[in-house]
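Residue numbers (my numbering), protein chains in the order written: chain A, 188 to 457; chain B, 188 to 457.
A short worksheet on the structure shown next.
2 protein chains.
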Amino acid sequence: MVKNTMGEDVSRRDFMKVAGAAVGGLAIGAVGGYSLIPPKETIVEVPKDVPVAMDVPSWPWTYPKLDPEAAAQRAYDSYWVGGCSYAGFEGIVGELKAEVGFPFTQIPSQMMKYGGGGGLGWGMICGALNGALAAMNIISDSYAGIGNELIGWYTEHAFPVYEPSEPNNEFDLVTSVSGSPLCHVSVTTWSNTAGVKESDTERKERCARLVADVVKKAVELMNAQADGTFTAMFAPATAVTGCQSCHGKDGMLDNVATKDNCLTCHEDPH
Amino acid sequence: MVKNTMGEDVSRRDFMKVAGAAVGGLAIGAVGGYSLIPPKETIVEVPKDVPVAMDVPSWPWTYPKLDPEAAAQRAYDSYWVGGCSYAGFEGIVGELKAEVGFPFTQIPSQMMKYGGGGGLGWGMICGALNGALAAMNIISDSYAGIGNELIGWYTEHAFPVYEPSEPNNEFDLVTSVSGSPLCHVSVTTWSNTAGVKESDTERKERCARLVADVVKKAVELMNAQADGTFTAMFAPATAVTGCQSCHGKDGMLDNVATKDNCLTCHEDPH
């Protein structure tokens, strides 16, 4: 016969229930004048990973500094997966996913694919810039200074410089300065300089390397800002400042908002 | 009556205290001449939930269909918070956060702020388009068709149409067709048509309403695609198809990749 602590008869099963309930642990009863000591139990809470929708941190997200070369390599490789704008973004955000993880893992880099070919092939903002700027914008509320520097640098830089360690295509590429951050101007200028058709693989190899150049520069700028050593170097061309003296917001016409070189598209009427 | 292991009377509450204290280290004395040796401790492992970041779904994310008018209103309001590109994105993604929650809550809409003024004021892709296209790209791997339709529609649409129920500024705005998806062309064309300076509040009110128009159209296209009723209506202008017959990828020159109207920037040399 098994009795519980109140002297009531209980089956062994019920006794165990009482014992478990009593202590979180332990109950001690008297049986025929003897104390029965139930097994001692220790409750150990074992961590179990439970996926929950954790809140992401407030924007901007913390930037840990990245290796510009690793980001450039990732950008080059990513070009062949999802195009220029995806690669401009993934080169940076993919590195952050690998180095930091959450919250960067929450953003699908594919969301920037639309920027390819200057925005679904419309030849507007260079996709490498579009992707890189979005990435810079995630990790800094002071993205405007370094972002503007990136765009300005782009207009004056002879692309491509990057030499992939394992190129998708073995080409010895010529370089050109586009004078504009627009995809159409950049691609056509290079194609004409190189004597290469826009739809040739050689032009695609040029853009893949260009994305690596842009991402490397973007990371260098982000690192400099993180170190507190960023200084803006880019100054708009005279063709911009001259036109803007009338057409810009401080001019009498005040009907043009751009920093691009006006003479790329317009003849100077003066 | 409840007795403890030493045979002392204890209240039930005190018994529980004694039992609880004994666990994790109990020594039992002799009772009635018998030594009772406590059984070995039994470890009871209880899973304890530890929050870890839930993986977001694979891209593209499921789209539930949205109310175009609600998205337009959110876009208009968002313009005054974070500018045109932020508003183009937040109009859609903000609605998805409100209607669906996770995983859309994981993306900080501020990441698209850089697109303002056509990309940090460089006058490239209209920020409303840039933000809306990124949002469309999150929820569809068939973003190219509806995205291209949105851009094409933009070039032919007389903006702005949207009438906010609670406008930030009471203006009776004229409309203009930009003929281009570029911010600079769109803003300058409207400013010249309206006789309004680019930096005036009236021009900003125009852009706020334009973002609402663009987001409304984007949601209508996304809904049509979700319903399986989307049909592309936009066809490039003759100025594009004519030029592209030589300059496009099927032409002998093959040095231009764009769908924009060539004559916006170039004189026809033929």
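Glycine included, C-beta positions come from ideal geometry on N, C-alpha and C.
A quick note: this is a predicted structure, and the numbers were derived from the prediction, not measured.
Worksheet item: B:Asp359: buried (16+ other C-beta within 10 angstroms of its C-beta) or exposed?
Response: exposed
Worksheet item: If contact means a Cβ-Cβ distance below 9 Å, which residues of the region 400–429 of chain B contact chain A?
Response: none
Worksheet item: Is the Cβ of A:Trp309 closer than 8 Å to any Cβ of chain B?
Response: Closer than 8 Å: yes.
Worksheet item: Mind checking whether A:Trp309 and B:Lys446 have CB atoms under 8 Å apart?
Response: yes
Practice prompt. Taking only beta-carbon positions, decide if B:Asp254 is within less than 8 Å of chain A.
Written response: no
Worksheet item: Counting contacts by CB-CB distance shorter than 8 Å, is B:Trp246 in contact with chain A?
Response: Yes, B:Trp246 lies at the interface with chain A (some Cβ there is under 8 Å from its Cβ).
Practice prompt. Taking only beta-carbon positions, decide if B:Ala240 is within less than 8 Å of chain A.
Written response: It does: the Cβ of B:Ala240 has a partner Cβ on chain A nearer than 8 Å.
Worksheet item: Is the Cβ-Cβ distance between A:Leu307 and A:Gly275 less than 8 Å?
Response: Cβ atoms of A:Leu307 and A:Gly275: not closer than 8 Å.
Worksheet item: Counting contacts by CB-CB distance shorter than 8 Å, is B:His371 in contact with chain A?
Response: yes
Discussion item. So that I know if they touch, is there some Cβ in chain A lying closer than 8 Å to that of B:Val287?
Written reply: no
Worksheet item: Which of helix, strand or coil does DSSP assign to A:Ser265?
Response: Residue state, collapsed to three classes: helix.
Worksheet item: the region 341–375 of chain B: which residues have C-beta closer than 8 Å to a C-beta of chain A, in chain order?
Response: Pro368, Leu369, Cys370, His371, Val374, Thr375
Worksheet entry | Interface residues of chain A facing B:Ile333 [CB-CB closer than 9 Å] | Residues of chain A passing the Cβ test: none, with the nearest at roughly 10 Å.
Fill in: Coarse secondary structure for A:His457, derived from DSSP in three states
Coil, per DSSP.
Item to complete: Could you tell me the distance, in whole angstroms, from the CA atom of B:Ser477 to the CA atom of B:Val280?
Response: This structure leaves residue 477 of chain B out entirely; chain B is present only between 188 and 457.
Worksheet item: For A:Lys404, which residues of its own chain have a beta-carbon under 7 Å away from its beta-carbon, when the five flanking residues on both sides are left out?
Response: Leu337, Trp340
Item to complete: Report buried or exposed for A:Thr388, applying the criterion of at least 16 other Cβ atoms within 10 angstroms of its Cβ.
Response: Exposed, since its Cβ has fewer than 16 Cβ neighbours within 10 Å.
Worksheet item: Closest to A:Pro244 by CA distance: which of A:Thr292, A:Ser272, A:Lys235 is it?
Response: A:Thr292
Worksheet item: Is the beta carbon of A:Pro251 sitting closer than 8 Å to the one on A:Glu277?
Response: no
Discussion item. Rounded to the nearest angstrom, what separates A:Val406 and B:Lys436 at their Cα positions?
Written reply: 34 Å
Worksheet entry | A:Pro295 in three-state terms, based on DSSP | coil
Worksheet item: Does A:Lys235 have its Cβ less than 8 Å from a Cβ in chain B?
Response: yes
Worksheet item: chain B beta carbons: is any one of them nearer than 8 Å to that of A:Leu450?
Response: no
Item to complete: Taking C-beta pairs closer than 7 Å, name the residues in chain A that B:Ser386 reaches, listed in chain order.
Response: B:Ser386 reaches chain A at Lys436, Asp441, counting residues in chain order whose Cβ is nearer than 7 Å.
Worksheet item: Along chain B, which residues have their Cβ under 9 Å away from the Cβ of A:Gln297?
Response: Trp246, Pro247, Asn324, Ile325, Asp328
Worksheet item: Which residues mark the beginning and the end of the beta strand (DSSP E) in which B:Lys136 is found?
Response: The displayed coordinates of chain B run from 188 to 457. Any statement about residue 136 of chain B would go beyond what the structure contains.
Discussion item. Cutting at 7 Å between CB atoms, please list the residues of its own chain near A:Arg261, excluding the five before and the five after it.
Written reply: Glu277, Gly278, Gly281, Glu282
Worksheet item: What is the residue span of the alpha helix (DSSP H) that B:Cys370 lies within?
Response: For B:Cys370, the enclosing alpha helix (DSSP H) covers residues 370–381.
Worksheet item: In chain A, what lies closer than 8 Å to B:Tyr301 by C-beta?
Response: Leu320, Ala321, Met323, Asn324, Tyr330, Ala331, Gly334
Worksheet item: What is the rounded straight-line gap between the Cα of A:Ser329 and the Cα of B:Leu450?
Response: 37 Å
Practice prompt. Given a cut-off of 8 Å, decide if B:Ala419 and B:Asn448 are closer than it, judged by their beta-carbon atoms.
Written response: no
Worksheet item: For A:Ile312 and chain B, any beta-carbon pair shorter than 8 Å?
Response: yes
Worksheet item: What does B:Gly304 touch in chain A if you count any residue whose Cβ is under 7 Å from its own?
Response: Ala444
Worksheet entry | Where B:Ser245 falls: helix, strand or coil (DSSP) | coil
Worksheet item: Any idea what DSSP makes of A:Val361, helix, strand or coil?
Response: DSSP places A:Val361 in coil when its eight states are reduced to three.
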